[in-house]
Amino acid sequence: MAPLKPTENKISCSLNQAVKILSSEESLAEIKPKTIPEFFKECCEKFQHLPALKYKTSEHDNAAGPKEATDSWCTVSYGDYQTNVEKTALALLSLGIGARTSVGILAPNCPEWFYVHLGAICINAVSVGIYASNSAETIFHILETSNASAVLVDDTHQLNKIREIRSRLPLLKAVIQLNGPFDFEEQDKAEGYFRWSELMEMPVSSSLKEELDTREREVAPNDCALLIFTSGTVGMPKGVMISHDGVLYCAQSVTQSLPSIRPGPKTAVSYLPLSHIAAQLFDIFMAMENGVTVYFADRNALKGSIGRTLVAARPSFFFGVPRIFEKIQEKLTQVDGETKGFMKCCISKAREMMLQYHLDRMAGKPTSYVKYWLASCITNRIKYNMGFNLLENCYIGGAPVSPELKCFFLSLDLPLSDVFGMSETSGGVIFNYSGPNLETIGKPIGGQEVKIQDPNAKGEGEIMLRGRTNMMGYLREPEKTESAITEDGWILSGDVGYIDDQGYIYINGRIKELIITAGGENIPPNHIEALIKNELPCISNAVAVGDYRKYITVLLTFKTYIDPDTGYPLDELLPETIEWLQGLDLHYTHLSQMLHISLPDTLQDFDVNSVNIQLDEKLQKALEEGIERSNLNAISNAQKVQYFRVLPHDFSIPTGEFGPTLKIRRNIVHQKYAQIIDSMYKQ
Numbered sequence: 001m002a003p004l005k006p007t008e009n010k011i012s013c014s015l016n017q018a019v020k021i022l023s024s025e026e027s028l029a030e031i032k033p034k035t036i037p038e039f040f041k042e043c044c045e046k047f048q049h050l051p052a053l054k055y056k057t058s059e060h061d062n063a064a065g066p067k068e069a070t071d072s073w074c075t076v077s078y079g080d081y082q083t084n085v086e087k088t089a090l091a092l093l094s095l096g097i098g099a100r101t102s103v104g105i106l107a108p109n110c111p112e113w114f115y116v117h118l119g120a121i122c123i124n125a126v127s128v129g130i131y132a133s134n135s136a137e138t139i140f141h142i143l144e145t146s147n148a149s150a151v152l153v154d155d156t157h158q159l160n161k162i163r164e165i166r167s168r169l170p171l172l173k174a175v176i177q178l179n180g181p182f183d184f185e186e187q188d189k190a191e192g193y194f195r196w197s198e199l200m201e202m203p204v205s206s207s208l209k210e211e212l213d214t215r216e217r218e219v220a221p222n223d224c225a226l227l228i229f230t231s232g233t234v235g236m237p238k239g240v241m242i243s244h245d246g247v248l249y250c251a252q253s254v255t256q257s258l259p260s261i262r263p264g265p266k267t268a269v270s271y272l273p274l275s276h277i278a279a280q281l282f283d284i285f286m287a288m289e290n291g292v293t294v295y296f297a298d299r300n301a302l303k304g305s306i307g308r309t310l311v312a313a314r315p316s317f318f319f320g321v322p323r324i325f326e327k328i329q330e331k332l333t334q335v336d337g338e339t340k341g342f343m344k345c346c347i348s349k350a351r352e353m354m355l356q357y358h359l360d361r362m363a364g365k366p367t368s369y370v371k372y373w374l375a376s377c378i379t380n381r382i383k384y385n386m387g388f389n390l391l392e393n394c395y396i397g398g399a400p401v402s403p404e405l406k407c408f409f410l411s412l413d414l415p416l417s418d419v420f421g422m423s424e425t426s427g428g429v430i431f432n433y434s435g436p437n438l439e440t441i442g443k444p445i446g447g448q449e450v451k452i453q454d455p456n457a458k459g460e461g462e463i464m465l466r467g468r469t470n471m472m473g474y475l476r477e478p479e480k481t482e483s484a485i486t487e488d489g490w491i492l493s494g495d496v497g498y499i500d501d502q503g504y505i506y507i508n509g510r511i512k513e514l515i516i517t518a519g520g521e522n523i524p525p526n527h528i529e530a531l532i533k534n535e536l537p538c539i540s541n542a543v544a545v546g547d548y549r550k551y552i553t554v555l556l557t558f559k560t561y562i563d564p565d566t567g568y569p570l571d572e573l574l575p576e577t578i579e580w581l582q583g584l585d586l587h588y589t590h591l592s593q594m595l596h597i598s599l600p601d602t603l604q605d606f607d608v609n610s611v612n613i614q615l616d617e618k619l620q621k622a623l624e625e626g627i628e629r630s631n632l633n634a635i636s637n638a639q640k641v642q643y644f645r646v647l648p649h650d651f652s653i654p655t656g657e658f659g660p661t662l663k664i665r666r667n668i669v670h671q672k673y674a675q676i677i678d679s680m681y682k683q
């Protein structure tokens with residue numbers, strides 16, 4: 001077992017500097033510090049004959065030319081998984097990749113992402129994921145900051161971003177392209193451009209294998225293993241340094257917090273961008289720890305194709321951000337709307353009984369197993385059609401979760417377990433499996449400490465976290481590191497919340513997202529937005545506005561289809577929206593018809609402030625009444641919405657309102673729709 005590097009450093013902003021693990025002797029004895037290469041080899045040897053990875057051949061063609069459409073799945077066993085990672089590590093060594101440099105990965109979720117990630121770590125380098133949507137300048141910042149010596153890119157589109165910045169990256173020795181078409185020339189190869197297949201064909205000498213063994217022995221559990229670049233509201237993203245011990249301890253703590261796991265094969269689906277810590281935690285580290293088979297979704301998973309992979313994989317474990325579950329909810333609501341007669345009545349009654357069963361159980365009231373069994377006869381079929389019939393644990397995190405969304409899935413016998421964490425805590429550190437209500441995010445796990453900084457009279461304040469999973473620091477950002485971690489090791493989460501007398505934690509909202517009105521009241525927008533979406537099922541997004549203004553207003557988007565190829569929102573309304581409109585005796589099928597505007601064929605350069613939206617009187621009144629109903633549940637008069645505007649298209653990643661993990665980028669929304677927002681304060 002690799003020893004810890006002796007150090008008294010509590011934080012580090014350098015890839016060459018280890019940190020002292022923040023943990024008690026008991027914790028270190030219970031889960032001994034290991035390196036990722038050690039942990040990976042142990043898992044692969046334990047599960048060597050089990051399937052580790054499954055991918056579609058149509059998503060895995062490294063050759064030039066068009067890809068063949070096929071539905072066949074290829075399988076990689078844990079034994080082959082280990083072999084492929086070792087092969088990748090040796091190839092990286094042959095390219096001259098140095099210790100304590102980084103290897104960037106600019107590719108979709110696929111086996112090669114795992115191989116390069118783990119291969120880089122095995123040679124005592126650091127892995128750094130890069131979002132596909134990042135600009136060339138952002139990619140330059142990430143590669144330059146992390147001393148990148150190699151980068152894996154998906155295709156020609158991503159390769160061209162690297163070509164644009166290559167001259168400014170003197171340390172970058174190799175650029176490896178995964179998928180064709182390839183247009184390399186001899187000069188490109190001389191400058192360090194490679195196909196993935198060429199990398200895998202590089203000769204391996206005995207001296208290279210000896211060097212790999214030496215590199216692995218140099219790795220320590222308290223070294224930096226991976227970098228997660230997190231975007232802030234302004235400026236370039238910060239590189240969160242996560243140690244071997246930090247991410248492994250986090251993965252093992254979450255696993256130990258689960259209820260007893262049923263025997264038998266386990267499956268999961270990899271679809272969230274692997275540049276995100278949650279995706280790495282669940283898809284890579286927790287999966288290998290438990291011998292899980294990971295199915296790779298296609299690159300359009302976040303655009304709507306995830307359902308096909310879920311049915312094929314039938315996952316045992318599933319993690320999603322709230323937006324993913326909202327999309328699943330929309331699809332099920334659409335199917336429900338198409339169901340007629342007696343079956344519709346049966347489904348409605350079954351879901352009502354199932355929800356009541358879970359709510360009673362949560363409240364400690366007597367429950368009827370007979371009613372549960374009867375309801376499950378219906379809900380089990382729904383779960384089967386979703387691909388969730390073998391699901392043991394369903395996790396949700398990454399953004400605020402409304403009680404209404406939790407209730408929807410409870411009615412299907414699919415409890416959503418909150419996982420709260422940050423890149424700065426190496427992943428999830430607060431877990432809610434069976435809390436007493438729908439509002440709490442749960443209790444700390446793995447010996448994590450939680451406290452409230454400067455609580456007010458209600459006990460509310462900024463949530464602070466401290467534990468063995470603490471980040472090492474922000475790479476090359478000592479001032480930002482010192483502002484994020486106190487001298488005694490507490491990480492400032494940026495979330496406002498409180499802890500009840502049973503130790504359950506509640507979050508009110510992000511400090512940076514709090515609306516501070518002209519009257520000085522701090523208002524969490526997510527509560528207002530959830531109330532509106534609950535009253536108006538036609539609305540996909542509600543964004544509350546009111547910073548330093550006299551009152552609260554809201555921007556609304558209607559539910560429309562998303563183009564599965566481009567990710568752009570389409571003009572066609574979802575059936576749920578159409579049905580809601582029909583209830584008003586309005587028979588629109590397209591957003592442009594409903595808003596009385598003309599939309600271009602593409603939204604790429606669309607000026608959202610140039611259109612004059614006109615709402616039918618019936619529609620205007622229905623929206624006003626929905627907002628008035630939501631205002632009845634407002635916490636205070638200052639939190640009541642006074643005005644609203646409907647936007648000319650739904651939110652999406654390519655139009656800028658969503659980040660790569662489908663979180664709303666509020667600063668972008670405020671900038672993009674500034675004129676529309678200002679118009680609501682001139683009334």
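To convert, note that position 161 of the sequence shown is 161 in full-length UniProt numbering; the numbers rise steadily by one, no gaps.
Ideal placement from N, C-alpha and C gives every residue a C-beta, glycine not left out.
As the structure is a prediction and not an experimental result, all values here were calculated from the model.
- Residue ranges of uninterrupted beta strand (DSSP E) with 3 or more members, entirely inside the stretch 180-217 and ordered along the chain, are 193-195.
- Looking at the backbone, the Cα of Thr83 and that of Gly192 are separated by about 25 Å.
- In the displayed model, Ser24 falls within coil according to three-state DSSP, outside both helix and strand.
- Secondary-structure assignment with DSSP links Asp418 through a beta bridge to Ile396, Asn432.
- Counting every other CB atom within 10 Å of its CB across the protein chains shown gives Lys56 a total of 16 or more, marking it as buried.
- DSSP places Ser493 in the strand class (E or B) of the three-state scheme.
- By the 16-neighbour rule on beta-carbons within 10 angstroms, Trp373 is exposed.
- About 5 Å separates the CB atoms of Thr101 and Ala125; that is less than 8 Å, so the two are in contact.
- For Leu118, the closest C-alpha among the options Glu137, Ile505, Leu226, Ser27 is that of Leu226.
- A Cβ-Cβ separation of about 26 Å leaves Gly446 out of contact with Asp454 under the 8 Å criterion.
- Each residue's CA atom was taken as its position, placing Cys538 and Glu576 some 6 Å apart.
- Rounded to the nearest angstrom, the Cβ distance from Val19 to Ile31 is 17 Å, too far for a contact under 8 Å.
- Residues Thr557, Lys559, Asp650 of the same chain have their beta carbon placed closer than 6 Å to that of Ser540, with the five preceding and five following residues left out of the count.
- Apart from sequence neighbours up to five positions away, the residues of its chain that approach Lys173 with a beta-carbon distance below 8 Å are Leu95, Gly96, Ile97, Ser149, Ala150, Gly192, ordered along the chain.
- Per DSSP, the continuous beta strand (DSSP E) segment holding Asn541 begins and ends at 539-545.
- In chain order, Pro524, Pro525, Asn526, Arg666 place their CB closer than 8 Å to the CB of Glu513, counting only its own chain and leaving out the 5 sequence neighbours on each side.
- Per DSSP, the unbroken beta strand (DSSP E) holding Phe319 starts and ends at 317-320.
- If one requires a minimum length of 3 residues, the beta strand (DSSP E) runs lying completely within the stretch 129-184 are 148-153, 174-177, in chain order.
- Counting only the Cα atoms, Pro654 lies some 40 Å from Gly459.
- Where Arg510 is concerned, there is no enclosing alpha helix (DSSP H), although the beta strand (DSSP E) around it starts and stops at 505-510.
- In this structure the stretch 583-592 does not lie against the stretch 659-677, because fewer than three pairs of beta carbons, one per stretch, are closer than 8 Å.
- The stretch 103-123 and the stretch 274-284 touch, with no fewer than 3 CB-CB distances between them shorter than 8 Å.
- In the three-state DSSP reduction, Gly304 falls in the coil class, being neither helix nor strand.
- Rounded to whole angstroms, the Cβ separation of Leu355 and Lys383 is 15 Å, and the two are not in contact under 8 Å.
- Contact between Phe420 and Gly397 is confirmed by a C-beta separation of about 6 Å, below the 8 Å threshold.
- Around the beta carbon of Met343, a 10 Å sphere encloses fewer than 16 other beta carbons of the protein chains shown; the residue is thus reported as exposed.
- Membership of Asp571 in the beta strand (DSSP E) is indicated by the continuous run 569-573.
- Remark: C-beta atoms of Gly494 and Arg510 approach each other more closely than 7 Å.
- Assigned with DSSP and collapsed to three states, Pro564 falls in coil, not helix or strand.
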